[in-house]
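Here is the structure we will look at.
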Amino acid sequence: MQTLTNRAKPVDRRPMTVLEKLYLPAIAKGMGITLKHFFKKKVTIQYPEEKRPFSPVFRGLHILNRDEEGRERCTACGLCAVACPAEAITMEAAERMEGEENLYREEKYAAKYEINMLRCIFCGLCEEACPKDAIYLSETFAPANFKREGFIYGKNDLLIPDPKKEPEQYQKALGSRVKKS
Amino acid sequence: MSEEKKLFKVTIDNITVDVEPGTTILNAARMIGGDVTPPAMCYYSKLKNSGGKCRTCLVEVAAGSTADPRPMPKLVASCRTTVMDGMIVKNITSDRVLDARAGITEFLLLNHPLDCPICDQAGECHLQDLSYEHGKEGTRFEFQKRIFKKHDLGEYIQLHMTRCILCYRCVFVADQLTEKRVHGVLDRGDHAEIATYISKSLDNDFIGNVIDVCPVGALTDKTFRFKNRVWFTKPVDAHRNCSKCCGEVQLWMRGDEVFRVTARKDEWGEVKDASDGRPGWICNECRFDKKDIKDWTIDGPSKINRHSVISQGHYVGVKKPTDFLPEVMGGRGPKLLMDIHKVSEVNRPEIELSKIEGPAHSDDFKGSK
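Order-wise, the sequence lines are chains A and B.
When the letters of the first sequence are read in order and numbered with our numbering, they come out as residues 2 to 182.
When the letters of the second sequence are read in order and numbered with our numbering, they come out as residues 3 to 371.
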């Protein structure tokens with residue numbers, strides 16, 4: 002039979018020799034390999050206690066940003082939803098009423114903002130499209146869930162903690178990539 | 003008796019066209035179409051006396067006519083200059099024109115706020131198109147932009163004076179379509195603004211057309227305000243029997259909800275002629291009050307230029323595949339692992355945004371969690 006490549010090796014079908022029939026040398030050889038790995042550097046990490054560093058360009062769970070006064074930056078312009086190749090983002094806009102100026106940065110804001118994490122492919126195009134610096138992909142994963150319902154992320158799941166009211170949680174949410182000023 | 007009308011021969015960007023005497027250069031260029039046509043922000047073919055204000059349609063006349071082939075010394079506004087026989091016009095072939103147009107665009111954008119994420123006109127804004135096609139990147143203006151006291155123009159029309167470029171189109175609409183004009187341009191220079199003199203609401207039957215005519219987002223539809231973005235709605239041609247107007251409109255729909263009603267537009271962004279040959283202006287009743295699909299007879303989807311953002315997500319000539327699942331499963335539908343409408347808080351059937359008068363507020367969403 003003609004082989005497709007010249008790298009094919011014929012199977013060795015000779016009967017085993019006495020030394021091979023004993024099996025003991027082969028066992029010792031295998032144990033030796035196992036023993037060698039005891040003294041090697043471990044490749045596993047103990048996950049919850051120990052975490053791998055994220056790449057500086059890692060794209061994880063989305064976060065809806067606030068400005069330095071704690072107002073929501075998103076104005077529901079819909080550019081993230083147009084840019085989204087997976088059509089994971091939907092939103093509904095509303096007009097800011099009098100007395101809500103401390104909540105929303107512009108006169109229009111996203112009353113509802115939803116990302117379907119089952120659809121999201123974490124491409125980061127929404128982050129690129131956003132003209133208001135409102136959406137960012139952070140350094141965390143979307144946590145696992147037993148039900149699909151848990152992957153529809155609303156505004157309460159996505160909004161960053163208020164920098165005025167909860168400064169520590171805000172700093173934590175900012176992550177290590179943000180330049181500390 | 004019937005003397006044949008002499009046609010003028012004009013050459014615009016090396017393309018020759020025969021036009022009737024009295025045609026403007028802009029209209030001659032529109033007969034050719036395509037890139038040769040200068041952009042126009044203030045000229046509106048359906049409105050008499052419009053044009054000559056924005057200067058975006060400037061062209062270079064390389065030869066005045068066959069009789070007098072001297073070039074015109076300065077760039078001329080093509081919407082106001084009529085053609086002569088043997089005139090040679092340079093538009094995109096002239097560097098002077100392109101440079102001047104970039105300058106004009108920068109001037110128009112000096113006081114125009116960067117509101118596009120908020121503005122309802124975004125996506126169908128002529129100033130957006132102009133700055134993309136003819137403008138320069140960035141601005142050299144580093145001062146405070148104009149700010150105005152807010153004027154209320156009634157329950158239907160929202161005025162954002164900061165976005166206005168003072169094209170006067172809405173003034174001509176009020177003059178030529180309605181019996182009485184109550185708004186106009188007040189003050190001069192930097193302070194010039196569109197307003198009613200002492201707060202009045204615009205409530206004439208045809209005043210809603212100022213929304214269609216406005217090249218920017220200065221005059222927008224209050225009943226559509228912040229409801230949706232233009233490119234997420236699907237434009238559909240529809241008509242109804244209206245005693246006041248032609249009743250031929252464009253519906254901007256999402257599913258079965260009618261979000262907005264506008265007049266039909268032609269390729270220059272101007273109101274199309276209705277089937278009776280007159281300009282298809284529509285009345286306020288059609289525009290603002292008929293937001294139910296049952297009021298309209300649908301003629302079919304509107305043709306949208308495929309380069310427009312509005313055509314995003316619109317698939318033409320697509321056949322919906324037949325749902326074979328119930329057939330093979332003996333009439334039973336597939337068991338869904340998750341019905342998105344049970345979980346999602348957006349697009350809830352009990353909150354019909356198109357039915358809310360004016361923009362939605364936080365209390366409109368109170369019912370949902």
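By construction, the Cβ of each residue, glycine as well, lies at the ideal position given by its N, Cα and C atoms.
Taking 8 Å as the CB-CB cut-off, is residue i touching chain D?
i: Cys124/A; result: Among the protein chains in the structure shown, which are A and B, there is no chain D.
Rounded to the nearest angstrom, what separates residue i and residue j at their Cα positions?
i: Gln170/A; j: Arg53/A; result: 21 Å
i: Ile46/A; j: His38/A; result: 16 Å
i: Ala112/A; j: Gly186/B; result: 35 Å
i: Leu36/A; j: Glu21/A; result: 22 Å
i: Cys169/B; j: Ser133/B; result: 16 Å
i: Lys152/B; j: Ser177/A; result: 43 Å
i: Cys127/A; j: Leu159/A; result: 14 Å
i: Gly335/B; j: Thr324/B; result: 13 Å
i: Leu161/B; j: Leu77/B; result: 33 Å
i: Val1/B; j: Ile159/B; result: Nothing about residue 1/B can be read from this structure; chain B reaches only from 3 to 371.
i: Ser182/A; j: Gln172/A; result: In this prediction, Ser182/A has a pLDDT of 46, which is less than 50 and means its spatial position is unreliable; what the coordinates show is noted afterwards. The straight-line gap from Cα to Cα measures roughly 12 Å.
i: Glu347/B; j: Lys109/A; result: 19 Å
i: His136/B; j: Arg98/B; result: 13 Å
i: Ile14/B; j: Glu352/B; result: 56 Å
i: Pro57/A; j: Glu129/A; result: 16 Å
i: Asn60/A; j: Glu51/A; result: According to the sequence provided, residue 60/A is Arg. The question's Asn does not apply to it. For Arg60/A and Glu51/A, the distance between alpha carbons rounds to 20 Å.
i: Asp177/B; j: Thr198/B; result: 14 Å
i: Ser356/B; j: Lys296/B; result: 14 Å
i: Arg57/B; j: Gly315/B; result: 35 Å
i: Ser96/B; j: Gly105/B; result: 15 Å
i: Gln3/A; j: Cys121/A; result: 48 Å
i: Arg432/B; j: Pro237/B; result: Here chain B covers residues 3 to 371 and nothing more, so residue 432/B does not appear.
i: Cys131/A; j: Asp68/A; result: 14 Å
i: Ser67/B; j: Lys7/B; result: 18 Å
i: Arg149/A; j: Leu119/A; result: 8 Å
i: Leu65/A; j: Glu73/A; result: 8 Å
DSSP three-state label for residue i, please.
i: Tyr46/B; result: coil
i: Asp189/B; result: coil
i: Ile27/B; result: helix
i: Pro26/A; result: helix
i: Asn113/B; result: coil
i: Pro144/A; result: coil
i: Thr91/A; result: strand
i: Lys156/A; result: helix
i: His136/B; result: helix
i: Ala82/A; result: helix
i: Tyr105/A; result: strand
i: Trp283/B; result: coil
i: Leu155/B; result: coil
i: Asp325/B; result: coil
i: Gly257/B; result: coil
Quick check on residue i: buried or exposed, where buried means 16 or more other Cβ atoms within 10 Å of its Cβ?
i: Lys106/A; result: Per the sequence shown, the amino acid found at residue 106/A is Arg instead of Lys. Per the 10 Å Cβ criterion, buried.
i: Phe261/B; result: buried
i: Gln252/B; result: buried
i: Gln130/B; result: buried
i: Leu221/B; result: buried
i: Thr91/A; result: buried
i: His63/A; result: buried
i: Leu384/B; result: Because chain B is modelled from 3 through 371, residue 384/B falls outside the range shown and cannot be assessed.
i: Tyr46/B; result: buried
Does the separation of the CB atoms of residue i and residue j fall below 8 Å?
i: Arg242/B; j: Lys292/B; result: yes
i: Glu99/A; j: Tyr154/A; result: no
i: Ala79/B; j: Cys59/B; result: yes
i: Asn113/B; j: Arg142/B; result: no
i: Asp122/B; j: Phe226/B; result: yes
i: Arg82/B; j: Gly35/B; result: no
i: Pro115/B; j: Thr164/B; result: yes
i: Thr25/B; j: Thr107/B; result: no
i: Gly302/B; j: Asp365/B; result: no
i: Asp20/B; j: Leu28/B; result: no
i: Gly360/B; j: Phe290/B; result: no
i: Val212/B; j: Val263/B; result: no
i: Cys44/B; j: Arg171/B; result: yes
i: Leu100/B; j: Ile167/B; result: no
Is it the case that the CB of residue i approaches a heavy atom of the ligand SAM more closely than 7 Å?
i: Asn230/B; result: As far as ligands go, the structure on display features none, and thus does not contain the ligand SAM.
Check: Along the segment 183–210 of chain B, what residues have a CB closer than 8 Å to any CB found in chain A?
Finding: none
Next item on the list: Residues of the segment 229–244 of chain B with a CB closer than 7 Å to any CB of chain A: list them in chain order, please.
Entry: Arg231, Trp233, Phe234
Next item on the list: Can you give me, in chain order, the residues of the segment 313–325 of chain B that have a beta carbon less than 7 Å from any beta carbon in chain A?
Entry: Gln314
Check: According to a CB-to-CB cut-off of less than 9 Å, which residues of the segment 349–366 of chain B neighbour chain A?
Finding: Asn349, Arg350, Ile353, Leu355, Gly360, Pro361, Ala362, His363, Ser364, Asp365, Asp366
Check: Relative to chain B, which residues along the segment 60–92 of chain A have a C-beta separation below 8 Å, given in chain order?
Finding: Thr76, Ala77, Cys78, Gly79, Leu80, Ala82, Val83, Thr91, Met92
Margin query: Taking beta-carbon pairs under 7 Å, can you tell me which members of the segment 90–116 of chain A lie near chain B?
Written below: Thr91, Met92, Glu93, Ala94, Ala95, Glu96, Met98, Glu101, Glu107, Glu108, Lys109, Ala112, Lys113, Glu115
Item checked: Within 7 Å of chain B by C-beta, residues of the segment 120–152 of chain A in sequence order -> Pro132, Lys133, Arg149, Glu150
Check: Between the segment 101–120 of chain B and chain A, which residues of the former have CB atoms less than 7 Å from a CB of the latter, in chain order?
Finding: Pro119, Ile120
Notebook entry, point to check: Got a sec: which bits of the segment 160–182 of chain B sit with their beta carbon under 9 Å from any beta carbon on chain A, in order along the chain?
Noted result: none
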